[in-house]
Amino acid sequence: MTVLKGKCEGCSMAKILLRCKGCLMAAYCSEECQRRMRPRHSSNCRMPKNPTPTDIEVRKALGDFFTRSKSLLGLLACRLHLRAVDEAGGPVNKEALLVFLQWRTSVEIGNDQTLKRRDFLSLRECYLVNEHEMWSEAEVNKRGLPSSSIWNGPLRIFIRVEYEEKGGELKELPVVRDYDLPLGLRAHHIPPMPVLFQRIRAHLPSTGTKVMPAELVIRS
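In the UniProt record's numbering, the protein residues as written are 1 to 220.
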């Protein structure tokens, strides 16, 4: 396991964490939390048979991003839900969040006239979904998971990461994460959308110099 900082996927406490060596994406503060979260995590805990350096790099970047920003994604889902209910004038049957990310590479000429490579994760689009549009009710039951719920938890976050191998092959990494929102959360506790976007973007991992974020599309 690799040590990193963030919030444990088991107890949600901010601590020094150990990265799961089975997938490189989840992080826990102890073996106890890892064992307790195994039913939720097992479906995501896998690696390609012969992972490339890019496969490994993308998984680590996604793990770092989610570990640091899952609480912000939860608040964003709440804010999107409030907006959707207001626009619909009543209940909305969308209790999960879909997030699209893109791992990008750019090569630029530095001040010393040498080529510099930058790899970075960008947040491209996110919106609310009905979780049964993403997987069937039978699949939820098979995994033994409760249904997703934005206000009563756990919130189910479907993540899609698009990336390109050095040879030009396009790949997509689908991941499902659950996040338990704080008990007693109310609308007045949730920051405005622009503040949430700013905080989420601050957690997007990047190697090299700071990268300006891509345009983000938000739909409720």
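Idealized CB from N, CA, C, for every residue including glycine.
The structure presented is a predicted model; accordingly, all values stated were derived computationally and were not measured.
Problem set entry | Anticipated Cβ contact below 8 Å, Cys45 with Cys29, distance rounded | Contact doesn't hold; Cβ gap of about 17 Å is too wide.
How long is the line joining the alpha carbons of Leu121 and Tyr163, rounded to whole angstroms? For the pair Leu121 and Tyr163, the Cα-to-Cα distance works out to about 9 Å.
For the candidate residues Met13, Met25, Glu95 and Ser43, whose alpha-carbon lies nearest to that of Ser148?
Minimum Cα distance to Ser148 is reached at Glu95.
(message) Going by DSSP, what residue range makes up the alpha helix (DSSP H) through Leu173?
(response) Where Leu173 is concerned, there is no enclosing alpha helix (DSSP H), although the beta strand (DSSP E) it sits in stretches over Leu170 to Tyr179.
Quick check for students: name the residue ranges of the alpha helix (DSSP H) that lie wholly in the stretch 29–77, counting only runs of 4 or more. Within the stretch 29–77, complete alpha helix (DSSP H) segments of at least 4 residues are found at 31–36 and 38–41, given in chain order.
Report the CB separation of Tyr127 from Leu98 in whole angstroms; it is logged as a contact under 8 Å.
Contact between Tyr127 and Leu98 holds: their C-beta atoms lie close to 6 Å from each other, under 8 Å.
Q.
Within the continuous alpha helix (DSSP H) that includes Leu155, where are the two ends?
A. For Leu155, there is no enclosing alpha helix (DSSP H); the enclosing beta strand (DSSP E) has its first and last residue at Leu155 to Glu164.
Q | Outcome for Gln88 when other beta-carbon atoms lying within 10 angstroms are tallied against a minimum of 16 | A | For the sequence presented, residue 88 should be read as Ala rather than Gln. Under a 10 Å Cβ-count criterion, Ala88 is classified as exposed, with fewer than 16 other Cβ atoms of the shown protein chains found around its own Cβ.
### Task
Might you give, ordered along the chain, the residues of its own chain that have their beta carbon closer than 6 Å to the beta carbon of Ile200, omitting 5 neighbours on each side?
Closer than 6 Å at Cβ, skipping near neighbours: Ser69 and Leu72.
Q) Given a threshold of 16 other Cβ atoms within 10 Å of its Cβ, counted over all protein chains shown, does Met25 qualify as buried or as exposed? A) Burial is judged here by how many other beta carbons sit within 10 angstroms of a residue's own beta carbon; Met25 has at least 16 and is buried.
Under the rule that 16 or more other beta-carbon atoms within 10 Å means buried, what is Leu183, buried or exposed? A residue is called buried once 16 or more other Cβ atoms fall within 10 Å of its Cβ, and Leu183, having fewer, is exposed.
Pull up the distance between the alpha-carbon of Phe65 and that of Asp55, whole angstroms please.
-> C-alpha separation (whole angstroms): 16 Å.
Open item on the list: So for Gly208, helix, strand or coil by DSSP?
Closed with: Bear in mind that the predicted position of Gly208 carries a pLDDT of just 46, short of 50, making it too unreliable to give a figure here.
| message | Applying the 10 Å Cβ sphere with the 16-neighbour rule, what's the burial state of Lys5? | response | Burial call: exposed.
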